[in-house]
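Each protein sequence line maps, in turn, to chains W and U. Under my numbering, residues 60 to 210 are what the first sequence spells out, in order. Under my numbering, residues 60 to 210 are what the second sequence spells out, in order. Report on the following structure.
Protein chains: 2
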Amino acid sequence: MKYLDDFKEGFSETTGSYTVTEDEVVAFARAYDPQPIHTDKAFAAKGLFGGLIASGWQSCGIAMRLLVDHVIKDVAVIASPGVDQIRWLLPVRPGDVLHLKWTILDIRKSTTKPDRGIVRAQSDLINQKDETVMSLVGVTIVLTRPSTPNC
Amino acid sequence: MKYLDDFKEGFSETTGSYTVTEDEVVAFARAYDPQPIHTDKAFAAKGLFGGLIASGWQSCGIAMRLLVDHVIKDVAVIASPGVDQIRWLLPVRPGDVLHLKWTILDIRKSTTKPDRGIVRAQSDLINQKDETVMSLVGVTIVLTRPSTPNC
Chain W
60 MKYLDDFKEG
70 FSETTGSYTV
80 TEDEVVAFAR
90 AYDPQPIHTD
100 KAFAAKGLFG
110 GLIASGWQSC
120 GIAMRLLVDH
130 VIKDVAVIAS
140 PGVDQIRWLL
150 PVRPGDVLHL
160 KWTILDIRKS
170 TTKPDRGIVR
180 AQSDLINQKD
190 ETVMSLVGVT
200 IVLTRPSTPN
210 C
Chain U
60 MKYLDDFKEG
70 FSETTGSYTV
80 TEDEVVAFAR
90 AYDPQPIHTD
100 KAFAAKGLFG
110 GLIASGWQSC
120 GIAMRLLVDH
130 VIKDVAVIAS
140 PGVDQIRWLL
150 PVRPGDVLHL
160 KWTILDIRKS
170 TTKPDRGIVR
180 AQSDLINQKD
190 ETVMSLVGVT
200 IVLTRPSTPN
210 C
């Protein structure tokens with residue numbers, strides 16, 4: 060298990076990949092973002108982006124999935140109070156193959172609870188053309204390493 | 060259809076409701092946020108929140124669904140460049156009945172493209188106890204009303 064003490068500012072990790080399918084784009088959007096640009100292939104083909112694009116919230120979900128599978132699966136995470144910023148920079152389309160670059164911006168130990176601290180990190184979601192399609196700054200509360208008893 | 064001209068700062072709208080089910084919490088998390096606090100009922104019961112809680116990203120999806128169904132379905136939205144802030148304030152649990160309060164913070168007409176402008180709005184996701192469980196500030200590009208031809 061990794062703790063707050065195991066990270067430092069500037070630490071960066073790049074994940075494996077996630078392939079976006081048309082079925083998943085439509086299914087996600089029908090549930091959470093039913094705008095025709097995400098759900099209606101014929102409508103979307105005539106629109107601004109020339110085809111179906113994924114909901115920006117699905118891009119967030121994909122980034123989170125990559126983060127959980129590849130970065131924080133063995134980190135002592137308590138919870139997340141939120142996200143400081145999301146920028147949807149380019150459309151995500153069916154067939155895209157995405158990966159995540161996760162970079163720690165800063166680490167702050169709690170002044171009131173010495174067993175934890177706050178990590179702010181930038182998640183860049185990158186496509187198969189090496190274009191950053193989304194960038195967000197997430198905030199995560201992580202436990203410090205439990206002290207070893209003196210014995 | 061509503062255009063940028065039809066809104067003003069301080070405009071607020073409250074939506075209908077969305078009931079969160081355990082099956083949906085687990086299915087969303089298995090796809091996009093497979094941490095045991097969201098997927099494993101027995102594990103979650105012993106944890107910080109005393110039971111399963113929804114992924115924060117699912118709360119974003121539910122807020123978007125309420126926004127699409129009740130607020131922007133007849134608004135001339137072009138796209139969204141991003142979100143300025145998300146705060147996950149309280150856990151969302153299976154059985155919760157959520158609604159959204161959407162309030163316009165500011166409106167800025169584009170200086171370079173007179174056919175559009177940017178709306179910044181706060182979305183507060185509120186549960187059946189009238190507690191705000193999530194608050195986010197979204198940014199949306201909206202068309203101005205097309206001018207009537209002089210004829």
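Ideal Cβ positions, reconstructed from N, Cα and C, are used throughout, including at glycine. Quick caveat, the model's predicted, so the values are computed rather than measured.
Handout entry: For VAL85(U), the first and last residue of its enclosing alpha helix (DSSP H)
Key = 81-91
Practice task
Confirm, please, whether the CB-CB distance from GLY69(W) to ILE163(W) is below 8 Å.
Solution key: yes
Handout entry: Test item: CB-CB of ASP194(U) and ARG146(U) under 8 Å
Key = It should be pointed out that residue 194(U) corresponds to Ser in this sequence rather than to Asp. Their beta carbons are under 8 Å apart, which means SER194(U) touches ARG146(U) by this criterion.
Practice task
Confirm, please, whether the CB-CB distance from LEU149(W) to GLU190(W) is below 8 Å.
Solution key: yes
Handout entry: Same chain only: Cβ atoms within 6 Å of ALA104(U), ignoring 5 sequence neighbours per side
Key = GLY110
Practice task
With DSSP collapsed to three states, give me the class of ILE121(W).
Solution key: Here ILE121(W) sits in helix by DSSP.
Handout entry: Straight-line gap, MET60(U) to THR203(U) (C-alpha atoms, nearest Å)
Key = For MET60(U) and THR203(U), the distance between alpha carbons rounds to 11 Å.
Practice task
Could you list which residues in chain U have their beta carbon closer than 7 Å to that of TRP147(W), in chain order?
Solution key: SER139, PRO140, GLY141
Problem - Partners in chain W for ARG175(U), counting only beta-carbon separations shorter than 9 Å - result: Those within 9 Å of ARG175(U) in chain W number zero; the least Cβ separation is about 12 Å.
Problem - Residue environment, GLN117(U), which counts as buried when at least 16 other CB atoms sit within 10 Å - result: buried
Exercise for the section: Express the C-alpha separation of LEU63(W) and ALA135(W) in angstroms, rounding to a whole number. Expected result: 8 Å
Exercise for the section: Give a yes or no on contact between the stretch 158-178 of chain W and the stretch 66-81 of chain W, applying the rule of three or more CB pairs nearer than 8 Å. Expected result: Inter-segment contact for the stretch 158-178 of chain W and the stretch 66-81 of chain W is present: three or more beta-carbon pairs are separated by less than 8 Å.
Practice task
Going by CA-CA distance only, name the one from GLN181(U), ALA101(U), VAL79(U) that's closest to PHE142(U).
Solution key: Rather than Phe, the amino acid found at residue 142(U) in this sequence is Val. VAL142(U) has its Cα closest to that of GLN181(U), out of GLN181(U), ALA101(U), VAL79(U).
Handout entry: 8 Å Cβ cutoff met for GLN94(U) and VAL192(W)
Key = no
Problem - Helix, strand or coil at ALA295(U) according to DSSP, with G and I counted as helix - result: This structure gives no information on residue 295(U), because the portion of chain U shown stretches from 60 to 210.
Exercise for the section: Please name the residue, chosen from ALA113(W), ARG179(W), LYS172(W), ARG167(W), that lies closest to GLY154(W) on a Cα-to-Cα basis. Expected result: Among ALA113(W), ARG179(W), LYS172(W), ARG167(W), the Cα nearest to that of GLY154(W) belongs to ALA113(W).
Practice task
Just the chain W side, please: which residues come within less than 7 Å of VAL127(U) by C-beta, in chain order?
Solution key: ASP92, PRO93, GLN94
Problem - Selected residue, minimal CA-CA separation from VAL196(U), among ILE185(U), GLN187(U), ASN186(U), ARG179(U) - result: ARG179(U)
Exercise for the section: Under the assumption that ILE200(U) contacts ARG167(U) (Cβ atoms under 8 Å), give the Cβ distance between them as a whole number of angstroms. Expected result: That pair is no contact at about 10 Å.
Exercise for the section: Check whether the Cβ of CYS119(U) sits closer than 7 Å to any heavy atom of the ligand SAH, and report yes or no. Expected result: Ligands are entirely absent from the displayed structure, and the ligand SAH is therefore not among its contents.
Practice task
Measuring only between beta-carbons, confirm whether ARG124(U) sits less than 8 Å from chain W.
Solution key: yes
Exercise for the section: Evaluate LEU159(W) with the Cβ neighbour count: other Cβ atoms within 10 Å of its Cβ, from every protein chain shown; 16 or more gives buried, anything less gives exposed. Expected result: buried
Practice task
Rounded to whole angstroms, what's the CA-CA distance from VAL151(W) to ALA101(W)? Just pull it up for me.
Solution key: 17 Å
Exercise for the section: Rank SER206(U), TYR91(U), GLU83(U) by C-alpha distance to the C-alpha of PRO173(U) and give the top, closest one. Expected result: SER206(U)
Handout entry: Cβ of LEU107(U) within 8 Å of any chain W Cβ
Key = It does; some Cβ of chain W falls within 8 Å.
Exercise for the section: Please report how far the alpha carbon of SER139(U) lies from the alpha carbon of VAL198(U), in whole angstroms. Expected result: Distance from the CA of SER139(U) to the CA of VAL198(U), rounded to the nearest whole angstrom, comes to 6 Å.
Exercise for the section: Count the other C-beta atoms from every protein chain shown that fall within 10 angstroms of the C-beta of PHE87(U), then say buried if there are 16 or more, exposed otherwise. Expected result: Counting of Cβ neighbours within 10 angstroms places PHE87(U) among the buried residues, the total reaching 16 or more.
Handout entry: Residue environment, LEU184(W), which counts as buried when at least 16 other CB atoms sit within 10 Å
Key = Classification of LEU184(W): buried, given that the 10 Å Cβ count is 16 or more.
Handout entry: Test item: CB-CB of GLY106(U) and ILE96(U) under 8 Å
Key = yes
Exercise for the section: Compare the C-beta of TRP116(U) against all C-beta atoms of chain W and say whether one is closer than 8 Å. Expected result: So, interface residue.
Practice task
Grab me the residues of GLN144(W)'s own chain with a C-beta within less than 6 Å of its C-beta, minus the 5 sequence neighbours each way, in chain order.
Solution key: Apart from sequence neighbours up to five positions away, the residues of its chain that approach GLN144(W) with a beta-carbon distance below 6 Å are VAL196, ordered along the chain.
Exercise for the section: Evaluate ASP92(U) with the Cβ neighbour count: other Cβ atoms within 10 Å of its Cβ, from every protein chain shown; 16 or more gives buried, anything less gives exposed. Expected result: buried
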